[in-house]
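Below is one structure, written out as structure tokens; the observations come after it.
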Amino acid sequence: MIPGSFDYHAPTTLDDAVALLTEHGGDAKILAGGHSLIPAMRFRLAVPDVLIDINRIPDLEYIREEDGHLVIGGLTRESALEESSLVQEKYPLLADTAKVIADPLVRNLATVGGNLAHADPANDHPATMLAYGASVVAHGPNGARTIAIDDFFVDLFATALERSEILTEIRIPTPPTGSANAGGAYLKMERKVGDYAVSAVAVQLVMDGDTVVSARLGLTNVNPVPMRAIAAEAELIGKELNDEVLEAVGRAAAAECDPSADLRGSVEYKRDLTRVLTKRVIRKAVERAKGGDS
Amino acid sequence: MSRHTVNVTVNGEVVSEEVEARMLLVHFIREVLDLTGTHIGCDTSNCGACTVLLNGRAVKSCTIFAAQVDGGTIETIEALAVDGKLHPLQEGFWEKHGLQCGYCTPGMIMSAKHLLDKNPNPTEEEIRWGISGNLCRCTGYNKIVEAIQYAAEKIEQGDSAEEVSA
Ligand SMILES: Cc1cc2nc3c(=O)[nH]c(=O)nc-3n(C[C@H](O)[C@H](O)[C@H](O)COP(=O)(O)OP(=O)(O)OC[C@H]3O[C@@H](n4cnc5c(N)ncnc54)[C@H](O)[C@@H]3O)c2cc1C
Ligand code: FES
Ligand code: FES
């Protein structure tokens, strides 16, 4: 199907892009990887009058460590995360996530910034960034500001970004090393490669022996808004891990999410799957924490 | 509704065309350039029949606008055979029966080309992973995997043959 017609701009600086966004207001949309926006435009679910393609702005694609954070340029492709040895070695939760987003063709264009800015509860990065306690940098007419990921997702497909702001960077705190044993993992149940999750769970935690010192959990596609499983975290933090504790954590996550029934399953099924995935992903993260990799 | 001049190198040839902003790359390739080897298999960005190489990377040409590729390089299935001699991937699909109806084949081959460009000796799992964005409704994939393995071996032998003769 053919998208509705629009005016296309491909600015080559961030300032020009922000100026265009400010000028066109709600009629304009940013075009990044295009892999959520263009399918929506083809179904005329999105009919923007103006597209502002940010792909020609240099220096928005990078992955590096800086000031105790992994910093990722907003336009960084999923395939770059997959190919990054830094991500593979030190950020297994992120590596797990990038690998199961869509398919290799999509990942060659889809961006991390777009994945978050779209705020689709079915997207995989929101849960992961919630588990990491990441933050995002937004550039607008008045310069840059940093938004904590906990404040970023405000509604279905809605974020804390202003209309004239561009998400330029994602900042993930580097997990502690040394005496603290940090571990993370992402586990996704999908019907087939390339599909969105039936349910998926992200966890990032720190262990002291068998005790969980700190932990954050994020859930994918089982809530209208990407969500942290705060009740489940409370069941986990400070506890010595055993089957009983894990079951309580899984049950808490299943109870606090709010899935809807669709072709991927019933509400009951999605809740129970969330319970099981929560238990499994925590076990995997703990294994990694004890194995010494973060 | 804006119109844009697209200057792009397609299969080694520089082309320059004016297009409407909303024209998808796959329509540009098929309808403006008349290169109909690149197929359209869905409306939902799911099937991979439209796969081409954009600046060396396999992408779905139905999910990018033609105006976006200005200044870039595109390779389609038509670029693979040289002077009537099939590319090792095409030969592999022929020898190993890697196709039945053939609808998925051009996209499958372009994905495989990107895979082998990155990783000339993939394992079976890496091959299956590499083509996981391309759907085939006929073959059950096994023959496609064999075809790509055939091509990888053939390319490696070709390279060493060239080294010997050089
Ligand atoms: C077949 C298929 C399967 C998929 N499966 C998955 C999956 O399993 N998991 C998953 O997580 N995703 C999946 N996706 C979605 C894919 O990852 C998208 O690419 C992603 O959701 C959006 O990123 P993008 O760069 O393509 O953004 P675009 O489509 O370009 O933009 C999406 C939205 O975000 C806005 N936006 C983009 N970048 C910025 C920015 N820097 N600042 C402010 N606003 C911005 C745009 O204006 C638009 O409204 C799939 C897509 C397809 C086509
Ligand atoms: S035509 Fe199906 S993914 Fe492009
Ligand atoms: S050969 Fe028919 S779809 Fe693949």
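Protein chains in written order, with the numbering used here: chain A, 1 to 294; chain B, 1001 to 1166.
Glycine included, C-beta positions come from ideal geometry on N, C-alpha and C.
What are the start and end residues of the alpha helix (DSSP H) that includes residue i?
{"i": "Y269(A)", "result": "267-291"}
{"i": "H9(A)", "result": "Run containing H9(A): none in the alpha helix (DSSP H); it sits in the beta strand (DSSP E), 7-9."}
{"i": "M1(A)", "result": "Where M1(A) is concerned, there is no enclosing alpha helix (DSSP H), given that its DSSP letter is neither H nor E."}
{"i": "D16(A)", "result": "14-24"}
{"i": "S1111(B)", "result": "1105-1118"}
{"i": "P48(A)", "result": "Neither: P48(A) is in no alpha helix (DSSP H) and is coded neither H nor E."}
{"i": "I1127(B)", "result": "1124-1130"}
If you measure from the beta carbon of residue i to each beta carbon in chain B, is any gap under 9 Å?
{"i": "A2(A)", "result": "Inspection of the sequence shows that residue 2(A) is occupied by Ile rather than by Ala. Output row for I2(A): interface = yes."}
{"i": "S294(A)", "result": "Note on S294(A): pLDDT 49, under 50, position unreliable in the model; no value is reported."}
{"i": "L20(A)", "result": "no"}
{"i": "I38(A)", "result": "yes"}
{"i": "G194(A)", "result": "yes"}
{"i": "R42(A)", "result": "yes"}
{"i": "L263(A)", "result": "no"}
{"i": "L31(A)", "result": "yes"}
{"i": "S79(A)", "result": "yes"}
Could one say the Cβ of residue i lies closer than 9 Å to chain A's Cβ atoms, at least one of them?
{"i": "L1024(B)", "result": "yes"}
{"i": "T1044(B)", "result": "yes"}
{"i": "S1111(B)", "result": "yes"}
{"i": "E1020(B)", "result": "yes"}
{"i": "G1037(B)", "result": "no"}
{"i": "G1048(B)", "result": "yes"}
{"i": "W1094(B)", "result": "no"}
{"i": "A1151(B)", "result": "no"}
{"i": "H1027(B)", "result": "yes"}
{"i": "A1166(B)", "result": "Low local confidence applies: a pLDDT of 46 at A1166(B) is under 50, so the model's placement there is unreliable, and no value is given."}
Pull up the DSSP beta-bridge partners for residue i, would you.
{"i": "E1013(B)", "result": "V1010(B)"}
{"i": "C1073(B)", "result": "The amino acid occupying residue 1073(B) in the given sequence is Thr; Cys does not appear at that position. BP columns for T1073(B) point to T1009(B)."}
{"i": "L31(A)", "result": "D53(A)"}
{"i": "E169(A)", "result": "G73(A), V137(A)"}
{"i": "A1058(B)", "result": "L1053(B)"}
{"i": "H1004(B)", "result": "V1019(B)"}
{"i": "V1082(B)", "result": "K1085(B)"}
{"i": "F1065(B)", "result": "L1024(B)"}
{"i": "N181(A)", "result": "M207(A)"}
Starting from residue i, find everything on chain A with Cβ-Cβ shorter than 7 Å and list it in chain order.
{"i": "Q1239(B)", "result": "In the structure displayed, chain B extends from 1001 to 1166; residue 1239(B) sits before or after that span and is not available."}
{"i": "H1004(B)", "result": "Y8"}
Give the residues of chain B in contact with residue i, contact being defined as C-beta atoms less than 9 Å apart.
{"i": "G34(A)", "result": "T1063, I1064, F1065, Q1068"}
{"i": "L109(A)", "result": "L1054, R1057, V1059, K1060, T1063, I1064"}
{"i": "S85(A)", "result": "Per Cβ cutoff of 9 Å: no residues; S85(A) is ~15 Å from chain B at best."}
Would you please verify whether the beta carbon of residue i is less than 9 Å from any beta carbon of chain D?
{"i": "V106(A)", "result": "Of the protein chains in the structure, A and B, none is chain D."}
If the cut is a Cβ gap below 8 Å, which residues of chain B does residue i touch?
{"i": "F157(A)", "result": "By Cβ distance, chain B contributes nothing, its closest Cβ being about 18 Å from F157(A), past 8 Å."}
Using a cut-off of 7 Å between C-beta atoms, extract the partners of residue i located in chain B.
{"i": "D103(A)", "result": "S1132, G1133"}
Closer than 8 Å by beta-carbon distance: list the chain A residues that pair up with residue i, in chain order.
{"i": "T1051(B)", "result": "L105"}
{"i": "M1001(B)", "result": "S5, F6, D7"}
Those runs of the alpha helix (DSSP H) which lie wholly inside the segment 88-165 of chain A and span at least 4 residues:
Note on the segment 88-165 of chain A: whole alpha helix (DSSP H) runs with a minimum of 4 residues are 92-99, 104-107, 112-117, 125-132, in chain order.
Ignoring anything shorter than 3 residues or poking outside the segment 59-85 of chain A, list the beta strand (DSSP E) runs there in chain order.
Listed in chain order, they are 63-66, 69-73.
Of all the beta strand (DSSP E) runs that stay within the bounds of the segment 184-265 of chain A, which reach a length of 3 or more residues?
Within the segment 184-265 of chain A, the complete beta strand (DSSP E) segments at least 3 residues long are 197-208, 211-220, listed from N- to C-terminus.
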